[in-house]
Ligand SMILES: [Zn+2]
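Residue numbers (this note's numbering): 4 to 244.
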């Protein structure tokens, strides 16, 4: 079976390197690739506040939707005061992991309300720094209609905790022989060579890119998925301590 690729773009918010987002938009529209964009509802992350204010941000999101791009809710403020990795500890920092359920419910409810006020009803969740816990999932179930999460390592989407997980395996384009592969980019920090490498890959593989799948799956995580995820997390621990 041929691999289906998904492109995910993180950290879209009112503070960004706008020229990089415009460049990405032009590149993807020339190859008719429709990504999933992870939008921060209420950005308060100091790393992003130094970028210029994008006064047209929500109009820009509206244009992306018109072009068939999918939109995810990317956390709430994208701050990450918690020192906990949650259920997929890719990082030991988090906006959500270890925050009490009641507080997480408030964060999710307010994030959804902000996005709905802009005309967007998010159906996908992307946790900042890839970190969340079972209370995040509970809060999403109670406060939103989101039932799909883009994250974790597996060979294709699977169902767990009553959510469909669409795996996200790589931070840049490369051939990975799994049925469904998500590449995650952060346009705000992309350099010339990142755009060039992405374009070279799109030239060859653009027909294999699909829109983000919203449908639920009943497939459970396979033993191979569990092994793969364990290996990935162990390797990260070795590399990053
Ligand atoms: Zn992020």
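Ideal placement from N, C-alpha and C gives every residue a C-beta, glycine not left out.
Which residues in the same chain as residue i place their Cβ atom closer than 6 Å to its Cβ, once the five residues preceding and following it in sequence are excluded?
i: residue 218; result: none
i: residue 101; result: 85, 87
i: residue 96; result: 83, 132
i: residue 204; result: 176
i: residue 60; result: 17
In chain order, what residues of the same chain lie with their CB nearer than 7 Å to the CB of residue i, ignoring the 5 residues before and after it?
i: residue 23; result: 190, 191, 193
i: residue 161; result: 168, 220, 222, 223, 224, 228
i: residue 107; result: 99, 138, 139, 142
i: residue 202; result: 30
i: residue 208; result: 8
i: residue 4; result: 182
Just how far apart, CA to CA, sit residue i and residue j?
i: residue 56; j: residue 17; result: 6 Å
i: residue 68; j: residue 149; result: 17 Å
i: residue 215; j: residue 9; result: 6 Å
i: residue 26; j: residue 230; result: 38 Å
i: residue 109; j: residue 236; result: 30 Å
i: residue 137; j: residue 48; result: 23 Å
i: residue 62; j: residue 91; result: 34 Å
i: residue 183; j: residue 154; result: 12 Å
i: residue 19; j: residue 125; result: 21 Å
i: residue 242; j: residue 234; result: 12 Å
i: residue 54; j: residue 89; result: 29 Å
i: residue 127; j: residue 115; result: 11 Å
i: residue 240; j: residue 58; result: 40 Å
i: residue 226; j: residue 21; result: 42 Å
i: residue 6; j: residue 159; result: 10 Å
i: residue 71; j: residue 164; result: 29 Å
i: residue 245; j: residue 144; result: With the chain covering 4 to 244 only, the question about residue 245 has no answer from this structure.
i: residue 166; j: residue 151; result: 6 Å
i: residue 210; j: residue 187; result: 18 Å
i: residue 118; j: residue 103; result: 23 Å
i: residue 206; j: residue 195; result: 17 Å
i: residue 28; j: residue 197; result: 15 Å
i: residue 105; j: residue 238; result: 34 Å
Nearest to residue i by CA position, among the options, is which residue?
i: residue 111; options: 146, 124, 86; result: 146
i: residue 200; options: 187, 176, 184; result: 176
i: residue 129; options: 195, 12, 53; result: 12
i: residue 45; options: 120, 73, 104, 71; result: 120
i: residue 288; options: 165, 185, 195, 122; result: Summary: the structure shown does not reach residue 288, with the chain confined to residues 4 through 244, and so no result is reported for it.
i: residue 157; options: 7, 28, 232, 53; result: 232
i: residue 134; options: 94, 164, 104, 118; result: 94
i: residue 50; options: 144, 187, 113, 81; result: 81
Helix, strand or coil: which one does DSSP assign to residue i?
i: residue 40; result: strand
i: residue 168; result: strand
i: residue 62; result: helix
i: residue 56; result: strand
i: residue 178; result: coil
i: residue 110; result: helix
i: residue 120; result: helix
i: residue 185; result: strand
i: residue 217; result: coil
i: residue 91; result: coil
i: residue 147; result: coil
i: residue 9; result: strand
i: residue 232; result: helix
i: residue 75; result: strand
Ordered along the chain, which non-local residues of its own chain (more than five positions away) have a Cβ less than 8 Å from that of residue i?
i: residue 64; result: 15, 40, 42, 74, 121, 123
i: residue 113; result: 44, 45, 79
- Message: Three or more C-beta pairs under 8 Å: does that hold for the stretch 21-35 against the stretch 162-172?
- Response: no
- Message: Taking 8 Å as the cut-off, does the stretch 66-78 touch the stretch 38-45 (at least 3 CB pairs, one atom from each stretch)?
- Response: yes
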